[in-house]
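Novice: Each residue of the sequence shown is one higher than the last, beginning at 21 in my numbering.
From the three backbone atoms N, C-alpha and C, an ideal C-beta is built for every residue, glycine too.
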Amino acid sequence: YFDHDKYADFLDIVEERADVVINTDVLNETDLENASLLIITNPGSDFTNEEIEAIKDFIRSGGSLLILGNWYKYYSVNLTKITGEFGIIFVNSSMYDPTNNTGKSYYPLVYNFSTLNLNAQFMAEGVVNVSYSGGMLNVTGKAFAVAFGDSDTYAKDPSGQTITTGYEVIPFAAVDLLDGGRIFASG
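1) Report the option in Ile102, Leu31 and Met156 whose CA atom is closest to the CA atom of Pro63.
2) Nearest by alpha-carbon distance to Ile60: which of Thr68, Ile87, Phe78 and Ile108 is it?
3) Should Val189 and Phe168 be called a contact, given that it needs their Cβ atoms to be closer than 8 Å?
4) In this structure, how does DSSP classify Asp196 when only helix, strand and coil are distinguished?
5) Quick one: measure Cβ to Cβ for Asn139 and Phe106, integer angstroms, because I've assumed they're closer than 8 Å.
6) Find the nearest neighbour of Asn158 within the set Leu52, Thr119, Lys93 and Leu99, judged by alpha-carbon distance.
7) Does DSSP classify Thr173 as helix, strand or coil?
8) Taking Cβ to Cβ, would you say Glu49 is nearer than 8 Å to Ala74?
9) Return the chain-ordered list of same chain residues with a C-beta closer than 8 Å to the C-beta of Asp196, the five sequence neighbours on each side being excluded.
10) Given this structure, state the Cα-to-Cα distance separating Tyr21 from Gly155, to the nearest angstrom.
11) Quick check: what's the CA-CA separation for Ser96 versus Phe142?
12) Gly83 to Thr119, Cα distance in whole Å?
13) Under the DSSP definition of a beta bridge, which residues are partnered with Pro128?
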């Protein structure tokens with residue numbers, strides 16, 4: 021599950037460079053008007069339609085969104101309501117890798133970063149691998165996969181059925197919009 025304390029150092033660095041809004045109980049356009057980055061970290065309750073539209077308008081107006089899902093046990097909010105229009109689909113699942121992991125197959129190491137997209141190359145520059153625990157994403161339209169599974173990576177749905185294997189398992193995705201808006205998503 022998500023733990024704010026585990027990314028405090030990251031936030032310190034980001035807050036030096038951007039005006040950041042982190043999950044609040046209610047989001048509206050006023051909350052976002054001076055922000056350049058919105059961070060949504062696996063929220064525990066659904067967003068209202070007004071909040072979803074405020075977030076989408078923020079992105080369409082050039083704002084950046086870092087959005088983090090979780091594995092199916094904790095996946096309670098349909099984040100695709102926010103990102104789907106932009107081509108990032110959250111899949112209610114959990115990612116596994118029996119050979120490249122941090123001790124358990126459900127803590128896979130992500131090391132297979134895209135070389136097909138210049139933005140993905142830039143995001144992954146200097147990254148060797150990432151310890152991961154979460155679901156997978158699908159991409160459509162202008163969205164692109166930042167990283168992929170490898171030959172023995174797989175994703176399961178909540179019933180335990182394998183739904184995707186190999187390079188089709190996408191833990192990280194992103195989209196850059198023409199107006200400057202950006203999304204980076206982690207399943």
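Specialist: Taking the definition as stated:
1) Ile102
2) Of Thr68, Ile87, Phe78 and Ile108, the residue nearest in Cα terms is Ile87.
3) yes
4) strand
5) Contact flag wrong, Cβ pair sits at about 14 Å.
6) Nearest Cα to Asn158 within the set Leu52, Thr119, Lys93 and Leu99: Leu99.
7) coil
8) yes
9) Asn139, Lys162 and Arg202
10) Confidence in Tyr21 is poor, its pLDDT being 45 and thus under 50, which makes the residue's placement too unreliable to answer from.
11) 31 Å
12) 38 Å
13) Answer is Asn121, bridged to Pro128.
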